[in-house]
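Let me begin by presenting the structure, written as structure tokens, before commenting on it.
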Amino acid sequence: MSSLRSLGGPRIKHLSEEGAPFETITVDKLTPIIGGEIGGVDLSRPISNRQMDEIHRALAENSVIFFRDQHLSQDQHLDFGRRFGELHIHPAAPAEPLHPELMVIHADKDSPRANGEGWHTDVSCDPEPPMGSILYIRTCPPKGGDTLFASMYAAYEALSDRMKSYLDGLTARHNGEHYRGQYANYGVKDKETYPFADHPVVRTHPVTGKKALYVNKGFTRYINGIPRDESDGVLRYLYEHMANPLFQCRFRWQENSIAFWDNRAVQHHAMWDYWPHTRSGNRVTVKGDRPV
Ligand code: SIN
-10 MSSLRSLGGP
0 RIKHLSEEGA
10 PFETITVDKL
20 TPIIGGEIGG
30 VDLSRPISNR
40 QMDEIHRALA
50 ENSVIFFRDQ
60 HLSQDQHLDF
70 GRRFGELHIH
80 PAAPAEPLHP
90 ELMVIHADKD
100 SPRANGEGWH
110 TDVSCDPEPP
120 MGSILYIRTC
130 PPKGGDTLFA
140 SMYAAYEALS
150 DRMKSYLDGL
160 TARHNGEHYR
170 GQYANYGVKD
180 KETYPFADHP
190 VVRTHPVTGK
200 KALYVNKGFT
210 RYINGIPRDE
220 SDGVLRYLYE
230 HMANPLFQCR
240 FRWQENSIAF
250 WDNRAVQHHA
260 MWDYWPHTRS
270 GNRVTVKGDR
280 PV
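As numbered in this note's numbering, residues -10 to 281 make up the sequence shown, in order.
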């Protein structure tokens, strides 16, 4: 096992710096690098502008934030998402019948698959991929069903200077086509076409100004402008590198918990280790900008 130092610990030190104290919420960090559990807020009640500002800041500082014991209707979940921007409609996944912006996240004993198994950034194949996703889990299995989150700031920071220079200015093709047919068992009809887009391999976060690695196994197909075997090798390296546990936190769900992650700064991975039990909830996804 490599030491923390050789894994890039010193190079990502600045990521753990604390911001100013919070006044209207509490933030309990899961790790120095990523993840914060928010306390002192009931999302079913009106949220003041000051609290909203602090929730925004907590998201920017921690990249993924968590809320426990929340009791939201579908409309309240949607309204909370709208406070962060326009809502995104998933190009393929099942949604609640009356609310196309309310994605269904559900796996049980009859499921052929579960959402989000494998590291990915949500819908990065969109030309303007979602800024964030707000997952509300109401039904949990007795054990398991955790979600892992990895900081793409930390992954970028820990790259060698040579690799950073190599990646500088490169773009990669993201494509959702290979998900065609995956939702057929949920009675969801396939779309005629699936989105695709070229995005920078390293993006600059529009709020924090920090650089983040922006390729993911779920959607990135190849790096543009280099031979395909070179692209395959570089992507393989970057996927292995980003999955370093040093960059991660792991959220253990309880019923009525919420995770809100910033797709511009993290990748996530849902564990389907609870079959034949049921895990169920909804995801509201907030639209984002074209990565730069
Ligand atoms: C997803 O939105 O990718 C699913 C995440 C999860 O179910 O934990």
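A virtual CB, placed ideally from N, CA and C, is assigned to each residue, including glycine.
Inter-segment contact for the stretch 105 to 113 and the stretch 235 to 246 is absent: fewer than three beta-carbon pairs are separated by less than 8 Å.
Taking the CA atoms as reference points, ALA201 sits about 26 Å from PHE69. Per DSSP, reduced to three states, the secondary structure at LYS200 is strand. Under the three-state reduction of DSSP, ARG279 is assigned to coil, being neither helix nor strand. The Cβ atoms of HIS66 and TYR125 sit closer than 8 Å to each other. DSSP, read as helix, strand or coil, puts ASN271 in strand. For the stretch 76 to 109, the full-length beta strand (DSSP E) segments reaching 3 residues or more read 88 to 96 along the chain. Counting C-beta atoms within 10 angstroms of its own C-beta, ASP251 has 16 or more neighbours from the protein chains shown and is therefore classed as buried.
ALA9 counts as exposed, since fewer than 16 other beta carbons sit within 10 angstroms of its beta carbon. In terms of Cβ geometry, MET120 and ARG279 do not form a close pair [threshold 8 Å]. Excluding its 5 nearest sequence neighbours in each direction, ASP99 has no C-beta neighbour in its own chain below 7 Å. Contact check for MET231 and ALA139: beta-carbon distance about 6 Å, within the 8 Å limit, so the pair qualifies. Boundaries of the alpha helix (DSSP H) harbouring ASP68: 63 to 71, taken from the DSSP string.
Contact between the stretch 151 to 165 and the stretch 87 to 104 is not established, with fewer than three Cβ pairs separated by less than 8 Å. Taking C-beta atoms as the reference points, GLU117 and LYS276 count as a pair closer than 8 Å.
The alpha-carbon separation between THR128 and HIS60 amounts to approximately 12 Å. DSSP places HIS258 inside the beta strand (DSSP E), whose first and last residues are 255 to 259.
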